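Colleague: Chains as they are written, first to last, in the numbering used here: chain A, 1 to 211; chain B, 212 to 691.
This is the structure I want to talk about, given as structure tokens.
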């Protein structure tokens, strides 16, 4: 419980840091702290494999990409002075609504009866629509194939959750093509080819001269 | 360990085949862009898209009446999924016919591909049996639409539309996902029909998760008070995309809402859970129709009208009766064709440079193009709910449903909203038939005659729906 309390505070504090930092680099560092705390939280829930993935993929790959983008755009140079905050009138109502939501959430959590054996494998046993073909797994903590292990993770991913797994790949494809359509074609092909032809026709132009 | 493949059967992929045909054809359209000369590529991409939607539509219709839970309940094949998939496919077909060169001449195959992908997403939503499939279908739909809204890069308003839609829609997705996480925490399952389990019942966490989840869906349906984005986004997006959004996005979100209301919320014990949704629907009927009064742009006018129409359809689901879902499906089908028809008329009034969406462009249309004006009048009357049109019949069905289930205040608001909407739609009709001394708007030549086919399809469909009120009744709508 003490571990959870520390992690919860760290998670919320770092999340606030991400959105409130003026300097994007500070935001990224706060995000790194957030991801690390989340990974430890997964560990306490015996999601060892997920914790490793969280560190390798999110902290290792995605955050580095963020930093690359910030570095390429020029860190610290593009921050404009904040304009007048036009939402001040809404601050109080927003706080009240937020507080009410928090109270409702807390009340809901206190009243809730979490089904025994909740979590992914516990869920599989109460699933009325599961076809009953997936062999029941006896859980012995720490053993190979136990909850949260790579084997267990893989089994869930390629049987029960195969469709979401495959659809996620599709989402990534759509995102990539969407970005290419929006950004890649910003310089129309015609104009680019004309520029190339011009460059070939006038080789005497000094290197590095622009337009 | 080698035996796990047996848990996924060929049948599972057959259930998903219509969506896979549409999604796969988008990739082929992109390849055509790469391999063929640009002049041929544009036409080829549209032809491929039209063929794919027709093929997928025929294939999906074959499975009408079949009940199958694919991927362990992740994707459901039942009456609801087939009917909504057909509506999405038909709206995609009409959308593909509305393409003109406006702003997107450079990369039309990509444009076609993105429309096909958003259609795929809506189809997956229609059959989503688990919260995860639902969310991923929604993301495929939304990601493509963000790009489609901003695709006309030369217009400032398009950029604004794309950005606004991205930010606000992502917020709604956040709500949806948070609600889903709470539902999973409360029940231990992501399968929609398994959310209610005798052992757990309804408790605080479930109610909270469902409430947040429904707010997310209400946003996607543009119900009041989550409708602010709709007019701006509809205005900024290219005309075919607006037509597509007004029908396919709503069809996907409505399918998800219907499945949740009918299979995951026990009636009538937990009808209070849905009360906010129906209040949103009631507000939509009023605000949508009142908001449309002041509009002079057809896209904005139809955006407000779409807000009101979504309210009517959600009202049909109140009480979760068999009659309710049938009225909702009937009204959605009728609305789809009336709305797409109106957009097709607007596409015929568009030139290479300007979209014919200003009300000025319709002045004196009856004298210039009587046939087109007659078609537009027909669609507008049907949207308003003039007696003996499909729109009227649909409203009668919904009205009788609300009286039958005891949600008569919703029915009363439907009548009031319709009365206001008569003025809105008659504004367009009056502009077309008004005597004009001198046309203030220059005559335009549409870049393609293809929208005529779309107008014809929609008009015939609305007439057929009027005389043959198709109420899909022979197939069970929901498989639990």
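Ideal Cβ placement from N, Cα and C applies to all residues, glycine included.
Computed from a predicted structure; not experimentally measured.
Tell me residue 286 of chain B's beta-bridge partners as DSSP assigns them.
Modeller: Paired residue(s): B:281 and B:339.
Colleague: Is the Cβ-Cβ distance between residue 553 of chain B and residue 587 of chain B less than 9 Å?
Modeller: Going by C-beta atoms, residue 553 of chain B is nearer than 9 Å to residue 587 of chain B.
Colleague: In the DSSP output, which residue or residues are listed as bridge partners for residue 402 of chain B?
Modeller: For residue 402 of chain B, which the question treats as bridged, DSSP gives the partners B:341.
Colleague: Is residue 660 of chain B helix, strand or coil when you go by DSSP?
Modeller: DSSP places residue 660 of chain B in coil when its eight states are reduced to three.
Colleague: For chain A, is any of its Cβ atoms less than 9 Å away from the one on residue 314 of chain B?
Modeller: Here the model assigns residue 314 of chain B a pLDDT of 43, short of 50, so the residue's position is not dependable, and the following value carries that caveat. No, its Cβ sits nowhere closer than 9 Å to a Cβ of chain A.
Colleague: For a contact meaning CB atoms closer than 7 Å, what does residue 262 of chain B contact in chain A?
Modeller: Within chain A, no residue comes near residue 262 of chain B; the closest Cβ sits about 20 Å away, beyond 7 Å.
Colleague: Counting along the chain, where does the alpha helix (DSSP H) carrying residue 520 of chain B start and finish?
Modeller: Taken as a continuous stretch (DSSP letters only), the alpha helix (DSSP H) holding residue 520 of chain B covers 509–527.
Colleague: So, does the CB of residue 286 of chain B fall closer than 9 Å to a CB anywhere in chain A?
Modeller: Residue 286 of chain B counts as touching chain A.
Colleague: Among the residues of its own chain, which have a CB less than 8 Å from the CB of residue 600 of chain B, if the five just before and after it don't count?
Modeller: Within the same chain, residue 600 of chain B has close Cβ partners 589, 592, 593, 673 and 677.
Colleague: Taking the alpha-carbon positions, what's the residue 3 of chain A to residue 64 of chain A distance?
Modeller: Their backbone Cα atoms lie some 28 Å apart in a straight line.
Colleague: Residue 357 of chain B versus chain A: which residues are under 8 Å apart at the beta carbon?
Modeller: Ordered by position in chain A, the residues that pass the 8 Å Cβ test against residue 357 of chain B are 178.
Colleague: Any idea what DSSP makes of residue 296 of chain B, helix, strand or coil?
Modeller: Residue state, collapsed to three classes: helix.
Colleague: For the stretch 362–375 of chain B against the stretch 332–351 of chain B, do three or more pairs of beta-carbon atoms, one drawn from each stretch, fall closer than 8 Å, so that the two count as touching?
Modeller: No: the two stretches stay apart, fewer than three of their Cβ pairs being nearer than 8 Å.
Colleague: Give a yes or no on whether the C-beta atoms belonging to residue 617 of chain B and residue 530 of chain B are separated by under 9 Å.
Modeller: Yes, they are a contact pair.
Colleague: If contacts are defined as beta-carbon pairs under 8 Å, then residue 396 of chain B and residue 416 of chain B qualify, I think. What distance do you get, rounded to the angstrom?
Modeller: Yes, residue 396 of chain B and residue 416 of chain B are in contact; Cβ-Cβ is about 6 Å, under 8 Å.
Colleague: Please return the same chain residues whose Cβ sits closer than 7 Å to the Cβ of residue 520 of chain B, not counting the five positions on each side in sequence.
Modeller: Contacts found: 546.
Colleague: By how many angstroms is the C-alpha of residue 666 of chain B removed from the C-alpha of residue 500 of chain B?
Modeller: The alpha-carbon atoms of residue 500 of chain B and residue 666 of chain B are separated by roughly 25 Å.
Colleague: When you check each C-beta in the stretch 231–263 of chain B against every C-beta of chain A, which residues fall closer than 9 Å?
Modeller: Listed by position along the chain: 234, 237, 238, 241 and 249.
Colleague: Out of curiosity, what's the CA-to-CA distance linking residue 284 of chain B and residue 402 of chain B?
Modeller: Taking the straight line joining both Cα atoms gives about 7 Å.
Colleague: Using a C-beta to C-beta distance shorter than 8 Å, which residues of chain A count as neighbours of residue 418 of chain B?
Modeller: Chain A residues near residue 418 of chain B: 108.
Colleague: Determine the closest residue to residue 359 of chain B out of B:333, B:407, B:456 and B:443, with distance taken between C-alpha atoms.
Modeller: Measuring from the Cα of residue 359 of chain B, the nearest candidate turns out to be B:456.
Colleague: Against chain B, with Cβ distances strictly below 9 Å, would residue 94 of chain A count as a contact?
Modeller: Chain B contact via Cβ: absent.
Colleague: Using a C-beta cutoff of 9 Å, does residue 552 of chain B count as contacting chain A?
Modeller: For residue 552 of chain B, the answer is no, since every Cβ of chain A falls outside 9 Å of its Cβ.
Colleague: Assuming residue 362 of chain B contacts residue 487 of chain B under a Cβ cut-off of 8 Å, what Cβ separation, rounded to an integer in Å, is found between them?
Modeller: So it is not a contact: roughly 35 Å between Cβ atoms.
Colleague: Using a cut-off of 8 Å between C-beta atoms, extract the partners of residue 42 of chain A located in chain B.
Modeller: Result: empty, since nearest Cβ-Cβ is about 15 Å, beyond 8 Å.
Colleague: Residues of chain B with a CB under 7 Å from the CB of residue 221 of chain A: which are they?
Modeller: A question about residue 221 of chain A goes unanswered here, because the residues of chain A that appear run from 1 up to 211.
Colleague: From what residue to what residue does the alpha helix (DSSP H) around residue 310 of chain B run?
Modeller: Careful: residue 310 of chain B lies outside any alpha helix (DSSP H) and carries neither H nor E.
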